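K.L.:
265 is the number that the working numbering gives to position 265 of the sequence shown; each next residue is one higher, with no gaps.
Don't be surprised by glycine CBs; every beta carbon is placed ideally from N, CA and C.
Note that the structure is a prediction, hence the values are computed from the model and not measured.
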Amino acid sequence: MGKKANIITLLCNKGGVGRSTTAINIGWSLADSGRNVLVCDLDSQANASYNLAKDYTIVESSKNISQMMSNGSGSFSDYISETRHPRLKLLGSTLFTDKTEADLRRNQTMESHRIFERKLDKVTGESFDYIIFDTPPSKSSILMLNALLVSDWFWYIIGAEDQWALDARVIMDKIVADVQKLNTKLSALPVLLTRYKMNNTQSKFMKQICQETFEKGVFTDSVRDTTFITKSNSARQSIFEYDRRHNCAKDYTAIAQALIKTVESRKNSEIVSRRMNSQTNETITRNISVKE
1 MGKKANIITL LCNKGGVGRS TTAINIGWSL ADSGRNVLVC DLDSQANASY
51 NLAKDYTIVE SSKNISQMMS NGSGSFSDYI SETRHPRLKL LGSTLFTDKT
101 EADLRRNQTM ESHRIFERKL DKVTGESFDY IIFDTPPSKS SILMLNALLV
151 SDWFWYIIGA EDQWALDARV IMDKIVADVQ KLNTKLSALP VLLTRYKMNN
201 TQSKFMKQIC QETFEKGVFT DSVRDTTFIT KSNSARQSIF EYDRRHNCAK
251 DYTAIAQALI KTVESRKNSE IVSRRMNSQT NETITRNISV KE
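1. Taking the straight line between their C-alpha atoms, what separation do you get for Leu-91 and Ile-26?
2. Under the three-state reduction of DSSP, which class applies to Lys-216: helix, strand or coil?
3. Would the C-beta of Ala-165 count as close to the ligand FMN, meaning under 7 Å from any of its heavy atoms?
4. Using beta-carbon positions only, say whether Ser-66 and Thr-94 come within less than 8 Å of one another.
5. Quick one: what's got a C-beta closer than 6 Å to Glu-215's C-beta in the same chain, skipping five residues either side?
6. How many angstroms separate the CA atom of Tyr-196 from the CA atom of Ser-138?
7. What residue from Asn-107, Gln-208 and Ser-75 has the CA that sits closest to Ala-160's CA?
8. Quick one: residues in its chain with C-beta nearer than 6 Å to the C-beta of Ser-203, no 5 flanking neighbours on either side, listed in chain order?
9. Is the Cβ-Cβ distance between Ile-8 and Asn-51 less than 8 Å?
10. Assuming Met-69 contacts Ile-132 (C-beta within less than 8 Å), just tell me the rounded distance between them.
11. I'd like the span of the alpha helix (DSSP H) that includes Leu-30, first residue to last.
12. Judging by CA-CA distance, which residue of Asp-152, Glu-126 and Leu-166 is the nearest neighbour of Ile-158?
13. Taking the C-alpha atoms as reference points, what is the distance between Met-110 and Thr-100?
14. According to the Cβ coordinates, are Asp-134 and Ala-48 closer than 8 Å?
15. Suppose the cutoff is 8 Å on Cβ atoms and the five residues either side in sequence are ignored; what does the same chain contact list for Leu-193 look like?
16. Please identify the residue among Ala-102, Ala-53 and Thr-97 whose C-alpha is closest to the C-alpha of Ile-80.
17. Whole angstroms is fine: what's the gap from Ser-265's alpha carbon to Asn-6's?
18. On the DSSP bridge list, what partners appear for Tyr-196?
19. Could you tell me how far apart the beta carbons of Leu-149 and Asn-183 are, in whole angstroms, since I believe they sit closer than 8 Å?
20. Work out the CA separation of Pro-136 and Leu-42 for me, nearest whole Å.
21. Kindly indicate which three-state DSSP category Ala-168 falls into: helix, strand or coil?
22. With C-beta atoms as the reference, is Leu-88 less than 8 Å away from Ala-256?
23. List the endpoints of the continuous alpha helix (DSSP H) containing Leu-148.
24. How would you write the range of the beta strand (DSSP E) that Asp-243 sits in, first residue to last?
25. What is the rounded straight-line gap between the Cα of Asp-129 and the Cα of Trp-153?
26. For a quick check, are the C-beta atoms of Ser-75 and Asp-103 less than 8 Å apart?
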């Protein structure tokens, strides 16, 4: 059996929390760790695509999510483009992703939420260790629902100064619960807090609340609040390209390592369990054969 990618969908029904920034920099850090990574940009703002694409004109003209969705027979592997990191690839977005979302809504059927199940081909699933979906800040995005239905994990990204993002999570929780009825393998990752201010009362309060109220708590490491994130985004670079020595780059490195530990330990446990079940079945079969 070939390997299967770990698929993660980033969530928060509010903009400005650092979801795209996290997709960019976690993707880059995982690639630095020797993992093959695909970032799928489902947001029409296309920040992840602009920042990662080796040549955005290729993304804009042909290799993007809208082109893939409009091609009835097209698969993920047909629309993947290069980034500036050899282990990191991109399924990019453009301004037309909004139109794609509107078209899906206007022509919605019972199968509209399951398009990725057909288009996420075996080549893509076996070529990458991680597939990360960067989603738009919308509770009703059909592209986001498609991503959740093929994902192993959902990951809340929350700004440490943004109480509203925490208060509004009840709506997203309901959506995730509905998706889990169809995708039973979908599990929560610990929350990632971004824009975290050290020794700040509000940041500490948000971390405590997330630890107490989210199913898997919160990652120990947070992404600290810094203007370097804005500067790296303005330069259309990952934080690792802009200044690898900066503390924010160290934050994303630590979080990527914690993510690897969480995700890959479960996968290793599943592999061991499957092997044990297989061995048990073989033993039962042999015993039956002997009795016969």
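P.N.:
Short version:
1. Taking the straight line from one Cα to the other gives about 16 Å.
2. In the structure shown, Lys-216 adopts coil according to DSSP, grouped into three states.
3. The ligand FMN is absent from the structure shown, which contains no ligands of any kind.
4. In this structure, Ser-66 places its C-beta atom within 8 Å of the C-beta atom of Thr-94.
5. If we look at Glu-215 and ignore the five residues flanking it on each side, its Cβ neighbours are Ala-188.
6. Taking the straight line from one Cα to the other gives about 23 Å.
7. Nearest in C-alpha terms to Ala-160, of all of Asn-107, Gln-208 and Ser-75, is Gln-208.
8. Same-chain partners within the cutoff: Ala-160, Tyr-196 and Lys-197.
9. The criterion of a C-beta distance shorter than 8 Å is not satisfied by Ile-8 and Asn-51.
10. Contact doesn't hold; Cβ gap of about 19 Å is too wide.
11. Annotation: the continuous alpha helix (DSSP H) that includes Leu-30 extends over 19 to 32.
12. Ranking Asp-152, Glu-126 and Leu-166 by Cα distance to Ile-158 puts Leu-166 first.
13. If you take the alpha carbons of Met-110 and Thr-100, they lie about 17 Å apart.
14. Against a cut-off of 8 Å, the Cβ pair of Ala-48 and Asp-134 comes out as a contact.
15. In its chain, beyond the 5 residues on either side, Ile-158, Gly-159, Ala-160, Ser-203, Met-206, Lys-207, Cys-210, Val-218, Phe-219, Ser-222 and Val-223 have a beta carbon closer than 8 Å to the beta carbon of Leu-193.
16. When only C-alpha atoms are compared, the closest one is Ala-53.
17. Straight-line Cα distance between these residues: approximately 12 Å.
18. BP columns for Tyr-196 point to Arg-224.
19. Right, the Cβ-Cβ distance comes to about 5 Å (below 8 Å), so this counts as a contact.
20. Distance between the alpha carbons of Leu-42 and Pro-136: 6 Å.
21. If DSSP states are grouped into helix, strand and coil, Ala-168 belongs with coil.
22. Result no, Cβ atoms of Leu-88 and Ala-256 do not sit closer than 8 Å.
23. Per DSSP, Leu-148 is one residue of the alpha helix (DSSP H) stretching across 142 to 150.
24. From DSSP, Asp-243 is part of no beta strand (DSSP E) but of the alpha helix (DSSP H) over 239 to 243.
25. The straight-line gap from Cα to Cα measures roughly 14 Å.
26. No, the Cβ-Cβ distance between Ser-75 and Asp-103 is not below 8 Å.
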